[in-house]
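A.B. asks: In the numbering used here, the protein residues as written are 3 to 416.
Yeah, the Cβ is synthetic: ideal placement off N, Cα and C, and Gly gets one too.
Predicted model only: the values in this text are computed from it and were never measured.
Right, I'll just put the structure down here and ask away after.
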């Protein structure tokens, strides 16, 4: 299917240019998603959906037009080229438009495709979720697997443009997750999550269920939470939530340009401890969002954001990179917005790949001991209300644990 879809993109581009477009781009994107859903300790549903579409973007003297369809025929591809051109003729000129991407060499990205995942069926999705349910129930009689599920994906990308960009890539992913609660006579735990997501068929649903259930049980063992200023150790779950709505938004090139970033005018400056280095790695072996190219055909790469505490770079798609005189970092994504459109149904926007924090040498136990007197935060609620323009956030802890004398003593609420 790879060569067929790339040929379809090339024909759409040729049609658009033949009709008078200054530039043209076509993208085929999508694939198959198999999912099972858990609710209150039971399998609620299972679905098997294939959704692949073609999107055509054309530029006519600085005006941009866009059209898409999920009908993958040569006739439909050419029709989208015509519709996109008509849309461009009706659109105002974008004075900031420079050009579509030019061809570059593509990296080889290992561990992003597993034929075993491509051969899985809905039976596997149900089985993995059921095994996670049973493992959570097995933790104790007061544990309820509240919700969860399994998702199996096979995705492909084909992209071509009038400057000679031609790329095809495909990948697989599988994930099982579980959210559990526990109840005693006096306490009800918060929702406690655990999951595994991989590009290869390496899932342990029993571990997922046990971990979620065990965390829920520990969260019912509540003790006092003391007010004051304390050291806090953030679990990756909590850190991910906070960074998604603060750091990630602040490093997007469009937000920086608009002044909506706490990092505006701080390139080359020290913004964190010299112990901290953060990268956006689009070619991380086995990374959940690793790929050969982004969704406008630009090669993915490893971009240093903070190196030893110094702000090194932001992430860009083609449009915003050219606007500020830089190279795209391969961070064009699709999807999002308020219309619930498929990814191929939207124009590119800046999205991170794999945010990687350079790990230190200390173990979790050593970090807890180093905190001494403070809190261990497993997860948070309300991170979406954070302010990326200032970096400020205020969240509820759910769950969190008190650290005293270098060890975790009890759960807290707040």
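Count the other CB atoms, across all protein chains shown, that sit within 10 Å of the CB of residue 7; report buried if there are 16 or more and exposed otherwise.
C.D. replies: Counting from 1 along the chain shown, the entry for residue 7 is found at position 5. Buried is the call here.
A.B. asks: Closer than 6 Å by C-beta to residue 393: which residues in its own chain qualify, once you throw out the five before and the five after it? Chain order, please.
C.D. replies: As a working note, residue 393 is residue 391 in the chain shown. Excluding positions up to five away in sequence, the list reads 248, 264.
A.B. asks: Nearest to residue 215 by CA position, among 223, 233, 328, 196, is which residue?
C.D. replies: For this step, residue 215 is matched to residue 213 along the chain shown. Per the Cα distances, 196.
A.B. asks: If we count the other Cβ atoms within 10 Å of its Cβ and call it buried at 16 or more, is residue 199 buried or exposed?
C.D. replies: Your numbering for residue 199 matches position 197 in the chain shown. Flag for residue 199 reads exposed.
A.B. asks: Check whether the Cβ atoms of residue 376 and residue 232 sit closer than 8 Å, and answer yes or no.
C.D. replies: Within the chain shown, numbered from 1, the residue matching residue 376 stands at position 374. Within the chain shown, numbered from 1, the residue matching residue 232 stands at position 230. Yes.
A.B. asks: Report the residue from 5, 188, 203, 407 whose alpha carbon sits nearest the alpha carbon of residue 290.
C.D. replies: Residue numbering aside, residue 290 sits at position 288 when the chain shown is read from its first letter. Checked all of 5, 188, 203, 407; the closest Cα to residue 290 is 203.
A.B. asks: Going by CA-CA distance only, name the one from 19, 362, 34, 351 that's closest to residue 176.
C.D. replies: Residue numbering aside, residue 176 sits at position 174 when the chain shown is read from its first letter. Cα-wise, what sits closest to residue 176 is 34.
A.B. asks: Is residue 412 close to chain B, meaning its C-beta is less than 8 Å from at least one C-beta of that chain?
C.D. replies: Although the question refers to chain B, the structure presented lacks it and comprises just one protein chain.
A.B. asks: Please report the straight-line C-alpha distance between residue 402 and residue 229, rounded to a whole angstrom.
C.D. replies: On the chain shown, position 400 is the one that residue 402 refers to. On the chain shown, position 227 is the one that residue 229 refers to. Taking the straight line joining both Cα atoms gives about 14 Å.
A.B. asks: May I have the straight-line CA-CA distance separating residue 28 from residue 333, to the nearest angstrom?
C.D. replies: By one-based count along the chain shown, residue 28 stands at place 26. By one-based count along the chain shown, residue 333 stands at place 331. Using only the alpha carbons, I get a separation of about 17 Å.
A.B. asks: Taking the straight line between their C-alpha atoms, what separation do you get for residue 64 and residue 164?
C.D. replies: Along the chain shown, read from residue 1 onward, the residue named residue 64 stands at position 62. Along the chain shown, read from residue 1 onward, the residue named residue 164 stands at position 162. Their Cα atoms are separated by approximately 15 Å.
A.B. asks: For the 8 Å Cβ check, are there 3 or more pairs between the segment 14-33 and the segment 86-103?
C.D. replies: Touching, yes, given that three or more Cβ pairs across the two stretches are closer than 8 Å.
A.B. asks: If you follow the beta strand (DSSP E) that residue 403 is part of, which residue opens it and which one closes it?
C.D. replies: Looking up residue 403 in the chain shown gives position 401. From DSSP, the beta strand (DSSP E) with residue 403 extends over 402-406.
A.B. asks: Thinking residue 87 and residue 22 are a contact (beta carbons under 8 Å), I'd like their distance in whole angstroms, please.
C.D. replies: Numbered from 1 along the chain shown, position 85 holds the residue referred to as residue 87. Numbered from 1 along the chain shown, position 20 holds the residue referred to as residue 22. Yes, residue 87 and residue 22 are in contact; Cβ-Cβ is about 7 Å, under 8 Å.
A.B. asks: Nearest-angstrom Cα distance between residue 57 and residue 318?
C.D. replies: Within the chain shown, numbered from 1, the residue matching residue 57 stands at position 55. Within the chain shown, numbered from 1, the residue matching residue 318 stands at position 316. Answer to the nearest angstrom: the Cα atoms are 21 Å apart.
A.B. asks: Compare the beta carbon distance of residue 82 and residue 71 with 8 Å and say whether it is the shorter of the two.
C.D. replies: Translated into the one-based positions of the chain shown, residue 82 becomes position 80. Translated into the one-based positions of the chain shown, residue 71 becomes position 69. Yes, Cβ-Cβ distance for residue 82 and residue 71 is below 8 Å.
A.B. asks: Nearest to residue 169 by CA position, among 382, 10, 156, is which residue?
C.D. replies: Stepping through the chain shown from its first residue, residue 169 is reached at position 167. When each option's Cα is compared against that of residue 169, the closest is 10.
A.B. asks: Which same chain residues, not among the five before or five after residue 415, have their C-beta less than 7 Å away from its C-beta?
C.D. replies: Position 413 of the chain shown holds residue 415. Closer than 7 Å at Cβ, skipping near neighbours: 224, 227.
A.B. asks: Going straight from the alpha carbon of residue 13 to that of residue 53, what length do you get?
C.D. replies: In the chain shown, the residue the question calls residue 13 occupies position 11. In the chain shown, the residue the question calls residue 53 occupies position 51. Straight-line Cα distance between these residues: approximately 21 Å.
A.B. asks: Please identify the residue among 302, 362, 412 whose C-alpha is closest to the C-alpha of residue 112.
C.D. replies: By 1-based counting over the chain shown, the position of residue 112 is 110. Nearest C-alpha to residue 112: 302.
A.B. asks: Would you call residue 4 buried or exposed, if buried means 16 or more other Cβ atoms sit within 10 Å of its Cβ?
C.D. replies: Here residue 4 refers to the residue found at position 2 when the chain shown is read from its first residue. Exposed is the call here.
A.B. asks: DSSP on residue 167, reduced to helix/strand/coil?
C.D. replies: Sequence index remark: in the chain shown, residue 167 carries index 165 (1-based). In this structure, residue 167 counts as coil in the three-state DSSP scheme.
A.B. asks: Spatial neighbours of residue 36 within its chain, please: C-beta separation below 6 Å, excluding the five flanking residues on both sides.
C.D. replies: Stepping through the chain shown from its first residue, residue 36 is reached at position 34. If we look at residue 36 and ignore the five residues flanking it on each side, its Cβ neighbours are 50, 124, 127, 154.
A.B. asks: Look at the Cβ atom of residue 119, then the Cβ atom of residue 156, and state whether they are nearer than 8 Å.
C.D. replies: Position 117 of the chain shown, counting from 1, holds the residue named residue 119. Position 154 of the chain shown, counting from 1, holds the residue named residue 156. For residue 119 and residue 156, yes; Cβs fall inside 8 Å.
A.B. asks: How about residue 323 and residue 255: are their beta carbons less than 8 Å apart?
C.D. replies: For the purposes of this step, residue 323 is taken as the residue at position 321 of the chain shown. For the purposes of this step, residue 255 is taken as the residue at position 253 of the chain shown. Yes.
A.B. asks: Roughly how many whole angstroms lie between the Cα atoms of residue 17 and residue 107?
C.D. replies: As a working note, residue 17 is residue 15 in the chain shown. As a working note, residue 107 is residue 105 in the chain shown. Those two C-alpha atoms are separated by around 26 Å.
A.B. asks: Which same chain residues end up closer than 6 Å to residue 159 when comparing Cβ atoms and leaving out the 5 residues on each side of it in sequence?
C.D. replies: For the purposes of this step, residue 159 is taken as the residue at position 157 of the chain shown. Hits under 6 Å: 31, 171.
A.B. asks: Answer yes or no: do residue 62 and residue 79 have a C-beta to C-beta separation smaller than 8 Å?
C.D. replies: As a first step, residue 62 is located in the chain shown; it is residue number 60 there, counting from the start. As a first step, residue 79 is located in the chain shown; it is residue number 77 there, counting from the start. Result no, Cβ atoms of residue 62 and residue 79 do not sit closer than 8 Å.
A.B. asks: Give, in chain order, every unbroken run of the beta strand (DSSP E) that is at least 3 residues long and sits entirely within the segment 251-326.
C.D. replies: Segments of the beta strand (DSSP E) lying fully in the segment 251-326: 280-283, 304-309.
A.B. asks: What's the C-alpha gap between residue 15 and residue 268?
C.D. replies: Within the chain shown, residue 15 is the residue found at index 13, counting from 1. Within the chain shown, residue 268 is the residue found at index 266, counting from 1. C-alpha separation (whole angstroms): 40 Å.
A.B. asks: What does the alpha-carbon distance come out to for the pair residue 381 and residue 327?
C.D. replies: Sequence index remark: in the chain shown, residue 381 carries index 379 (1-based). Sequence index remark: in the chain shown, residue 327 carries index 325 (1-based). If I take the Cα positions, the gap works out to 39 Å.
A.B. asks: Answer with buried or exposed for residue 174, where buried requires no fewer than 16 other C-beta atoms within 10 angstroms of its C-beta.
C.D. replies: By 1-based counting over the chain shown, the position of residue 174 is 172. Counting Cβ neighbours within 10 Å, residue 174 comes out buried, since at least 16 surround it.
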